[in-house]
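Undergrad: Those sequence lines, one after another, are chains A and B.
Per full-length UniProt numbering, the very first residue in the first sequence carries number 1; after that it's consecutive.
Per full-length UniProt numbering, the very first residue in the second sequence carries number 1; after that it's consecutive.
Here a beta-carbon is modelled for each residue, glycine too, at the ideal position from N, C-alpha and C.
Below is the structure I would like to discuss, written out as structure tokens.
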Amino acid sequence: MGDKTVRLEEFAGVVESGMTIGIGGWGSRRKPMALVREILRSDVRDLTVVTFGGPDAGLLCAAGKVRRLVYGFVSLDSIPLDPHFRAARERGEIETAEYDEGMVVTGLRAAASRLSFLPTRAGLGSDVLTMNPDLRTVNSPYTGEEYVAMKALPLDVALIHLNRADPAGNAQYLGPDPYFDDLFARAADRTYVSAERVVPDLLAEGPAQTLLVSRIFVTGVIETPNGAHFTSCAPDHPRDEAFQAHYAASAKDPGAWELFRKRFLDGDERAYQRAVTDFHAERATEEAR
Amino acid sequence: MITRAEVCATACADAWQGAGEILAHAVGVVPTIGVRLARLTTSPELVLSDGEAYLMSEPPPLGGTAADGGVAEGWVPFRRIFDLVESGRRQSMMGASQLDRYGNQNISAVGNWRKPTRQLIGVRGAPGNTANHRTDYWVPRHSPKVFVERVDVVCGVGNDRASKLTFHHLGVVVTDLAVLDYGDDGRLRIRSVHPGVTVDDVRAATGFPLDATGVTATREPDPTELRLIREEIDPRGLRNREVPVTP
């Protein structure tokens, strides 16, 4: 088996301007944040981003990387809305394709099956059809019933973060929910997996049914400990609620955001992780006072 | 004294009566109390999730997940939720930022969707829920800002737009003032007003006319229900944050 491990710095060239990228995870859960931060540091622009959105969507919007956002929602879970996403929408500066969550799943399933669409009931009668005038309906050839013909959502590149991966590209989730990471991988031409740890033997880490993504669908593997931070990556770590609150508060104010960006995002991933450690040390000191 | 929040929780519980062995989905504190109350009283066959990835054989603690204890009886990661939605074996009580007289619901954005004056959460699962199974709504602050002539974005599909939807079923709208349901014309009407509330109060807080023919008083929780709400389901009184106790 080939070795597909890539260093995070080498990942920078993978995503190019104008591409359609899919980002795994769900809301503020198991997002490939280290990969997203790497895109923030690059000069990539005009991305179409397909996501069950969390801070990945907010950060990419704030950095001006997004031309078009395809989503069912954008939420930080414990904080209902991402302030950057909200601001980008209210300024009208990004194109959007807002779908029912199940429709996004259906679109990814269609792409994964190399179909141009799949039928679904979701969306009929709603303004999802108004907001996405390119959506068509189809009639069942059997009953005549009308369905939405949900367009396939094919991806140039999928980015996902899992608990473990092996060097060949097989990847494993150890938390309770796989989300749709395997589906993102199947809907994409190329998939890059970041993992808390790259290990030689995945079955030593968890049972066979935790092996979510096969190397068949994986182009590159990047070891990024704490790489989902500040989103959750159960059972390795919970969401960093204190940091997320700091992110959301900073995102609401241009001056505060400037400070946040300088402190946490302008350096490389190692600098980010160090700054996060310092952030918590400072908080602990303040609380001790 | 029985509080308004307790009346609301009981009214929410009643929305699940007769639902059968389905996944009960509730958004908001009071509907979550309501669904647990239904599970412990009239509807023991209801299936509850912990809001994460597990089905719980006994109602999980309010705000808690399987990680806080209890016995799991099933696995429902998000992918299985969508499978359940499509199967119809689910009933949902969702929130609504706007609701019109036909039950069209908006949680996506206020204003023009291209450049909204206020971006909300997004359509989320509302189009799929209303296309696939019974959907009820919970409005903790009944006001003309919520009950509007026309919603800005139709997320949950109303009765006037549902002609092609085989499985469309809107149930009730529970608010802090009243329980509304839909007449034969598909329009919202007042089914019952909560203790201390008048039909005029409800009409004044609604941005379109409401029929009140046959209106009754919303029932109060019985002693068993009160004990369950206060001692077992919500001992910390989270319900009073969503529907404040008014003097």
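From A19/B to D82/A, what does the alpha carbon distance come to, in whole angstroms?
TA: Cα to Cα, the separation comes out at about 35 Å.
Undergrad: Rounding to the nearest angstrom, what Cα-Cα distance links L37/B and R236/B in this structure?
TA: Rounded to the nearest angstrom, the two C-alpha atoms are 16 Å apart.
Undergrad: Flag E95/A as yes if its beta-carbon sits less than 7 Å from any beta-carbon of chain B, otherwise no.
TA: Answer no: the Cβ-Cβ gap between E95/A and chain B never drops below 7 Å.
Undergrad: Just how far apart, CA to CA, sit G186/B and L165/B?
TA: Looking at the two C-alpha atoms, the distance is approximately 14 Å.
Undergrad: My understanding is that V76/B touches S126/A, with C-beta atoms under 8 Å, so please give their C-beta distance in whole angstroms.
TA: Between S126/A and V76/B the Cβ distance is about 24 Å, and since that is not below 8 Å, they are no contact.
Undergrad: Nearest to R161/B by alpha carbon, out of A205/B, A131/B and F147/B?
TA: Ranking A205/B, A131/B and F147/B by Cα distance to R161/B puts A131/B first.
Undergrad: Can you find a CB in chain B that lies within less than 7 Å of the CB of D253/A?
TA: No, no contact with chain B.
Undergrad: Below 6 Å CB to CB, which residues in the same chain sit around D189/A once its five sequence neighbours on both sides are set aside?
TA: Correct list, in chain order: D156.
Undergrad: Here's the rule I'm using: 16 or more other beta-carbon atoms within 10 Å means buried, otherwise exposed. How should L203/A be labelled?
TA: L203/A is exposed by the Cβ-count criterion.
Undergrad: Cutting at 6 Å between CB atoms, please list the residues of its own chain near H84/A, excluding the five before and the five after it.
TA: Counting only Cβ-Cβ distances below 6 Å, and skipping sequence neighbours, we find G58, C61, A62 and A251.
Undergrad: I'd like the list of long-range same chain contacts for L124/A, defined as Cβ closer than 8 Å, with 5 residues on each side in sequence excluded.
TA: Correct list, in chain order: T137, E146, Y147 and V148.
Undergrad: For the region 83-100 of chain A and the region 68-82 of chain B, state whether three or more C-beta atom pairs, one from each stretch, are separated by less than 8 Å.
TA: The region 83-100 of chain A, when compared against the region 68-82 of chain B, does not touch it at the 8 Å Cβ threshold.
Undergrad: Relative to chain A, which residues along the region 6-34 of chain B have a C-beta separation below 9 Å, given in chain order?
TA: Under the 9 Å Cβ criterion, the region 6-34 of chain B contributes no residue.
Undergrad: Within 7 Å (strictly less), CB to CB, does residue 261/B reach chain A?
TA: Outside the modelled stretch of chain B, which goes from 1 to 247, sits residue 261/B, for which no answer is possible.
Undergrad: Just list the residues that DSSP pairs Y71/A with in beta bridges.
TA: Per DSSP, T51/A and E98/A.
Undergrad: Taking beta-carbon pairs under 8 Å, can you tell me which members of the region 106-124 of chain B lie near chain A?
TA: Of all residues in the region 106-124 of chain B, S108, A109, W113, R114, K115, P116, T117, R118, Q119, L120, I121, G122, V123 and R124 have a Cβ within less than 8 Å of some Cβ in chain A.
Undergrad: Within the 7 Å Cβ cut-off, does V154/B reach chain A?
TA: Yes, its Cβ sits closer than 7 Å to a Cβ of chain A.
Undergrad: Would G128/B count as contacting chain A if we go by Cβ distances under 7 Å?
TA: Chain A contact via Cβ: present.
Undergrad: Grab the span of the alpha helix (DSSP H) containing A281/A for me, first residue to last.
TA: Unbroken alpha helix (DSSP H) run through A281/A: E269 to A288.
Undergrad: Assuming E58/B and L226/B are in contact, meaning their beta carbons sit under 8 Å apart, how far apart are those beta carbons, in whole angstroms?
TA: Actually they are not in contact, since the Cβ atoms of E58/B and L226/B sit about 20 Å apart, beyond 8 Å.
Undergrad: Three-state secondary structure (DSSP) at V128/A?
TA: Helix.
Undergrad: Mind listing the chain B neighbours of P178/A? Cutoff is C-beta to C-beta under 8 Å, in chain order.
TA: Simply P77 and R79.
Undergrad: For H25/B, does the three-state DSSP call read helix, strand or coil?
TA: Here H25/B sits in strand by DSSP.
Undergrad: Along the region 113-130 of chain A, where does the CB come closer than 7 Å to a CB of chain B? Name the residues.
TA: Residues passing the 7 Å Cβ filter: R121, A122, G123, L124, G125, S126, D127 and V128.
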